[in-house]
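Chemist: Next up is a structure, given as structure tokens.
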Amino acid sequence: MKRIIYVLGLLACFSIEPVLAQQDPQFSTYMYNPLYYNPAAAGSEGLTRIQLTQRTQYLGYQPTIASDGGAQNTQLLSINLPLDRIKSGVGIYVLNDRLGQITNQSVQLSYAYRATLKNGTLSLGVQAGLFNKGFDYGQLRPGEPNDPLIPTGKQNQARPDFGAGVYYNTTDYWLGVSLTHINQATYTLGTDRSTNPLNRVAYLTAGYRLGLSYDFDVQPSVLVQYDTKAGLQPSNVSVNLLSTYANNYWVGIGYRLGDAVVGTIGANVGRRNALRVGGALDLVTNGTSGKSFTSYEILLGYALPAPSSRKKPIIRTPRFRY
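Sequential numbering of the sequence shown, starting at 502, is according to the numbering used here.
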């Protein structure tokens, strides 16, 4: 009961009006994408999972730039693998994010050392990869045609990118903190007159599993994103309450402060519940004059059996025993 009160208190403490700003894409199914937010979550599921998430944000939004579609489209492909023999976990994710003329792409490799601590596992993780920023100047609508100060064509720059985190999880709850874009890579994108830095972003994730009966459990969770450009300020706060039946079907309701009400639904099906299918629908509640009303996500994953750390038993054939 103390843990339940602690987690609910944590949700209340961070239920404050955030400073709305977005450098990295957001996901309503954040509880099913822990590797994206924290490299220390690599291997935390205890099995190998391959997962793809597609998000379309503010569906139907039409920008003032020349574009074939203004809605932000994001794809996230992740692979998460435990290495129990060496008390570790590894993961990799590939991100493709497009918003009008801006494109962000990232490939990140994560490693986590996992140590048993009391009733759970404490993980220390690092990640390293490349972050590519692109800008299509051909989609801009300059006030003066052929302005020599505006570059032309498509510009892309890739820079090294690093992150680190700490993650503690048990069968009942989890808690993690992380910091991404530690090196704050800088991009010029076709002009030396201004730079576009990749600012550090900090994350806090927490959640609790409460069994209501043999088949039902509920999972309150929170995700807080901190912008470090002007001090440690919360820029995105999401809370969610998920209910699961027999570890097969799940449905949830959530809220992203200052933005939207979120509904999630999904199922784990097939042999060993290996196939995960789910989705989320956001109904925008704030800033509707500048945003379209809905966003949605589709999630598809497949889990492989956990590798066994035990040696294979010797099978003796009586035919060859004398």
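Where is the CB? At the ideal position from N, CA and C, for every residue including glycine. Treat the numbers as computed from the prediction; the structure is a model and nothing was measured.
Output needed for LEU553: all residues of its chain with C-beta closer than 6 Å, excluding positions within five of it in sequence on either side, in chain order.
Modeler: LEU578, LEU801
Chemist: For TYR668 versus ALA542, is the C-beta spacing smaller than 8 Å?
Modeler: yes
Chemist: Across the segment 696 to 713 and the segment 749 to 760, are there enough close Cβ pairs to call them in contact, namely three or more that are closer than 8 Å?
Modeler: no
Chemist: Beta-carbon within less than 7 Å of LYS503's beta-carbon, same chain only, minus the 5 sequence neighbours each way: which residues are those?
Modeler: Here the model assigns LYS503 a pLDDT of 47, short of 50, so the residue's position is not dependable, and the following value carries that caveat. So no residue of the chain qualifies.
Chemist: In or out: TYR537 buried (at least 16 other Cβ within 10 Å) or exposed?
Modeler: buried
Chemist: Leaving out five residues before and five after ILE580 in sequence, what residues of the same chain have Cβ atoms less than 6 Å from its Cβ?
Modeler: ILE551, ILE593
Chemist: Does the distance from the C-beta atom of ALA707 to that of LEU676 stay below 8 Å?
Modeler: yes
Chemist: Give a single yes or no on whether ASP716 has its beta carbon closer than 7 Å to a heavy atom of the ligand NAP.
Modeler: No copy of the ligand NAP appears in this structure; indeed no ligand is present at all.
Chemist: Any idea which residues DSSP pairs ARG556 with across the strands?
Modeler: THR575, GLU798
Chemist: Starting from TYR715, trace the alpha helix (DSSP H) in both directions and tell me its first and last residue.
Modeler: It is not in any alpha helix (DSSP H) - TYR715 carries neither H nor E in the DSSP assignment.
Chemist: Out of ASN597, ALA613, TYR614, which has the shortest C-alpha to C-alpha gap to GLN606?
Modeler: ASN597
Chemist: Can you tell which of ASN684, LEU618, VAL778, LYS588 has its C-alpha closest to the C-alpha of GLN628?
Modeler: ASN684
Chemist: Could you check whether THR795 and VAL762 sit closer than 8 Å to each other, using their CB atoms as the reference points?
Modeler: no
Chemist: If you drop the 5 nearest sequence neighbours on each side, which residues of the same chain put their C-beta closer than 8 Å to that of SER744?
Modeler: PHE717, ASP718, VAL719, GLN720, TRP751, VAL752, GLY753
Chemist: Where do the N-terminal and C-terminal ends of the beta strand (DSSP E) with TYR674 fall, by residue?
Modeler: 674 to 681
Chemist: DSSP puts THR617 in a beta bridge; with which residues?
Modeler: Looking at the DSSP assignment, THR617 forms a beta bridge with THR622.
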